[in-house]
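FYI, the numbering for the sequence shown is 743 to 1113, going by the numbering used here. Using N, Cα and C, we set each Cβ at its ideal position, and we do this for glycine too. Fair warning: this is a prediction, and the values are worked out from it, not measured in the lab. One structure below.
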Amino acid sequence: MVIVMNPEQVRRLRLHAQHLDKKSPLKDAELIIRSMVGVNAQFYPAMMLSLCARIKGLEQSDIEAAIKQKGLVRTWTMRGTIHLHDPSDSDWLIQLLSPVFIKKGIIRRRELGLDEEKVARCLNEIHEILKGVGPITRVELIDRLIERGLNIDRKSQAPYHLIVRAALEGLLYVGPESGEGEQTYYYNDGENKQQSLTGDDALAELAIRYLKGYGPATQNDFASWSGLTRTDANKGWSLLFNRGLIKEIKIDNHLLWAEKQINTFEEGENVEPVVNLLPAFDSFVLGYADREYLVPEKYRKEVYHGGQTVPVVLVDGLAAGTWKYERHGKRLNIRVSLFKPIDKTIRELIEEEANDIGRFWGQQASLSYQI
């Protein structure tokens, strides 16, 4: 049976799936990360703010401690970018997704002097180096590879691409920063590995987890979010359909899909408005190929440009503006640029969010508007 919905209902379902309609308690932090499959972690402060937007009372130290204790791990997964994961998810995700990104990077690695034979030698040495040490910086790792007779140009992008390749092979995770503020990496010993999924089971798991965390959505949305080929994304959808795990949602002239057990909202049901200040690269903003129900068409270039996304003001799941912040001593200056006028209630909710971000950074928030 096809369920008919309007755009507002779809947005509310997506907000609920993303834990953005109501912040969750701190004790559920790992469950939230698992429900999103992973949190975009390319830019560390943005990753922290993505979690702050979803978890009530979160402190920076909560996440930093979890990363140091390996209760949360960072590695290259969806779209070939760094994400924060529960350890039970990282290995099967790497195994499923890495072939796509390893293949895409072959030409660039060759340009940097990293043919497949040399990469294989480097990976063997990286395995041996990391097994015997704690977190190690990129400079230290490359120095040790050079000491072992491997010619790597430190000043090129070769070190970065080599580390990414090692991560895609499941050899290492992104660790905490060193005392000097440098990024570190550490050995993936597999000690927290809990879930072993391969082949179609892994593909179906990723597809249903995507729908649970981002639906209603389409196969194209799934392909865009995951980085899988269109063929594999369609296959994942077919697996769910054949197993009776999804149902159709009709909205206007479009057909979306949702997990079979999704809870629906009645049309016209009276609910309190929801406001979110999402950071750049937030998983919600990057979760869809079709942005029709997320950002009004006339404002999309203000949110998505040059392969980047900017921080977004969401009102009931729809982008209502952008924002940026600057940190100066004990003050956090937040400036909001709205797409159109808003009422007093929404302004008050924006202020609440701004104050919570200030609390999170340990600063006093100062909010201003740019029209």
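Opposing strand residues paired with residue i [DSSP bridges]
{"i": "M747", "result": "I993"}
{"i": "K1066", "result": "R1077"}
{"i": "A1000", "result": "K989"}
{"i": "R816", "result": "L826, V916"}
{"i": "Y1111", "result": "V1078"}
{"i": "Q1106", "result": "R1073"}
{"i": "H761", "result": "According to DSSP, H761 bridges with nothing at all."}
{"i": "L1020", "result": "V1054"}
Under 8 Å between C-beta atoms of residue i and residue j
{"i": "K1002", "j": "I988", "result": "yes"}
{"i": "L981", "j": "A946", "result": "yes"}
{"i": "I805", "j": "L814", "result": "yes"}
{"i": "A1061", "j": "V1055", "result": "yes"}
{"i": "R816", "j": "G1059", "result": "no"}
{"i": "I1099", "j": "A1107", "result": "yes"}
{"i": "D963", "j": "Y1030", "result": "yes"}
{"i": "I1088", "j": "L1109", "result": "no"}
{"i": "W979", "j": "A944", "result": "no"}
{"i": "K765", "j": "I797", "result": "yes"}
{"i": "N807", "j": "I868", "result": "Note on residue identity: the sequence assigns Ala, not Asn, to residue 807. No, Cβ-Cβ distance for A807 and I868 is not below 8 Å."}
{"i": "P1038", "j": "L998", "result": "no"}
Which listed residue (the options) has its alpha carbon closest to that of residue i
{"i": "L757", "options": "Q1050, N1097, V1016, V1055", "result": "V1016"}
{"i": "P767", "options": "G799, V752, A759", "result": "G799"}
{"i": "R1101", "options": "E990, A795, R852", "result": "A795"}
{"i": "T1064", "options": "E1044, R1073, G1049", "result": "E1044"}
{"i": "I836", "options": "I849, M820, D974, K846", "result": "M820"}
{"i": "K845", "options": "I809, L910, G874, G917", "result": "L910"}
{"i": "S938", "options": "Q802, A1096, E870, D833", "result": "D833"}
{"i": "E1068", "options": "E1014, P787, K897, I991", "result": "P787"}
{"i": "R1033", "options": "R851, V752, G932, E772", "result": "V752"}
Which full runs of the alpha helix (DSSP H) of 4+ residues lie inside the region 818-864, going along the chain?
-> 829-846, 848-853
Just list the alpha helix (DSSP H) runs in the region 945-973, keeping only unbroken ones of 4 residues or longer that don't cross its boundaries, in chain order.
-> 961-968
State whether the region 947-967 contacts the region 1025-1038, with contact taken as three or more CB pairs (one from each stretch) at a distance under 8 Å.
-> yes
Taking contact to mean at least 3 C-beta pairs separated by less than 8 Å, is the region 763-781 in contact with the region 825-836?
-> yes
Cβ pair count under 8 Å reaching 3, the region 874-882 against the region 919-928 = yes
The region 895-913 / the region 858-873 touching (three or more Cβ pairs under 8 Å) = yes
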